[in-house]
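18 is the number of the first residue of the sequence shown in the numbering used here; add one for each residue after it. Even glycine gets a Cβ: it sits at the ideal position worked out from N, Cα and C. Taking it in order: structure first as structure tokens, then the write-up.
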Amino acid sequence: MGEAFDKKILLENISYLLKEKEMKIGELEAAAKVSTGYISRITKEENSKPGIDFIMNVAEVLNIGMDTLLKVDLSAQTPTERYLISFFDKLIADTTADKLDWGVEKAGTLNRLDTDINGNVSHPLFEYETFMEEGESEYPEEVTRVVFPSHSFDVHTTIYGDCYNLRLKNGAFLYLMNICKSVYRVNDPDAFAKEAWLVGADYSIQFLAGTKDDAVLAYLVTHLYAAVAESMKHPKLQKGAKDAIEAFMRDDFTDDDEPPFF
18 MGEAFDKKIL
28 LENISYLLKE
38 KEMKIGELEA
48 AAKVSTGYIS
58 RITKEENSKP
68 GIDFIMNVAE
78 VLNIGMDTLL
88 KVDLSAQTPT
98 ERYLISFFDK
108 LIADTTADKL
118 DWGVEKAGTL
128 NRLDTDINGN
138 VSHPLFEYET
148 FMEEGESEYP
158 EEVTRVVFPS
168 HSFDVHTTIY
178 GDCYNLRLKN
188 GAFLYLMNIC
198 KSVYRVNDPD
208 AFAKEAWLVG
218 ADYSIQFLAG
228 TKDDAVLAYL
238 VTHLYAAVAE
248 SMKHPKLQKG
258 AKDAIEAFMR
268 DDFTDDDEPP
278 FF
């Protein structure tokens, strides 16, 4: 909470969420561990600011990301936007808490994808396309290659940095793509983007949000990507390794499948 926030948005979001959850102000104040009338006082007193502990407790009680609570006008969002906001808030919280097993896909590997002998591409977000693109000559040239047809730049897309994936239920995958225009001028601020895509268990593909779209979802995609990138810097334990360590911590050295002793 190093940057300034709009107290009006915070209070309006609290009011909106209380109505949505059919919760009384007094119940929230008790759960947030502040005195009765606290919210009324900070609302009426122009120069008063809510404490960080109060904001953190409110976010937890109302099951919403703290940044979203402070910066997003929830009443102005459509039901679909609210649904996606909740989804990204949970992804960010669970990633920060080290609950999710994200995988990484390197830009070099993704930019060298090719088709198999049947013309298929192994990655669900990539396609084999023929299109016109700026080249070394004065005029666009026809090129044919495997490409990620992004929401931001269509087929004129190159993978810029690490991309991440997360396995969801029944083999569905969430992808965070770090991309740029395949041809762009130096210092072009619009040449880069991050996007979130969902590939269903039936291989259906759904664009969710990107940094060039709605300001709220753009912020959340940026925040989620940063959270995943930070998480990937720290050690990860696979389930088998974690089970072995936990058994050791219990002084359990007996193999589960050890043959019976005669």
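* Minimum length 3: unbroken beta strand (DSSP E) runs contained in the stretch 137-205 -> 144-150, 158-164, 174-176, 180-184, 190-198
* Which one or two residues does DSSP pair with Glu212 in a beta bridge? -> Answer by DSSP bridge pairing, in chain order: Met194, Gly227.
* Asked: In three-state DSSP terms, what is Thr60?
  -> helix
* Comparing alpha-carbon positions, which option in Ser169, Asp133, Lys38 lies nearest Arg162? -> If we check each option's Cα against that of Arg162, Asp133 comes out closest.
* Which value, in whole angstroms, describes the spacing of the CA atoms of Ala264 and Lys256? -> 12 Å
* Tell me, please, whether the stretch 124-138 touches the stretch 176-195 by the rule of three or more beta-carbon pairs shorter than 8 Å. => yes
* C-alpha gap between Gly227 and Cys197, whole angstroms -> In this structure, the CA atom of Gly227 is about 12 Å from the CA atom of Cys197.
* Asked: Helix or strand or just coil, what does DSSP make of Glu37?
  -> helix
* Buried or exposed for Pro157, please, with buried defined as at least 16 other CB atoms from any protein chain shown within 10 angstroms of its CB. => exposed
* Count the C-beta pairs between the stretch 203-214 and the stretch 248-255 that are closer than 8 Å, then say yes if the count reaches three, no if not. => no
* To do: With a 10 Å radius around its C-beta and 16 neighbouring C-beta atoms as the bar for buried, classify Ser139 as buried or exposed.
  => exposed
* To do: For the alpha helix (DSSP H) containing Val238, list its first residue and its last residue.
  => 232-248
* **Beta carbon of Ile72 nearer than 9 Å to that of Leu101** => no
* To do: Indicate the three-state DSSP secondary structure (helix, strand or coil) for Val75 in the structure shown.
  => helix
* Taking C-beta to C-beta, are Leu108 and Leu34 nearer than 9 Å? -> no
* Kindly indicate which three-state DSSP category Gly125 falls into: helix, strand or coil? => helix
* Asked: So what does DSSP say about Gly120, is it helix, strand or coil?
  -> strand
* Would you mind giving the Cβ-Cβ distance between Cys180 and Leu193, rounded to the nearest angstrom? I have them listed as a contact below 8 Å. => About 6 Å separates the beta carbon of Cys180 from that of Leu193, a gap short enough to meet the 8 Å contact definition.
* Asked: Can you give the beta carbon distance from Asp90 to Glu39, rounded, assuming they're within the 8 Å contact cut?
  -> Their Cβ separation, rounded to whole angstroms, is 21 Å, which puts Asp90 and Glu39 out of contact at 8 Å.
* **Thr53, DSSP secondary structure in three states** => coil
* Asked: Just checking my contact of Glu98 with Leu234 at CB under 8 Å: how many whole Å lie between their CB atoms?
  -> 7 Å
* Asked: Taking just the CA atoms, how far does Lys50 sit from Pro206?
  -> 44 Å
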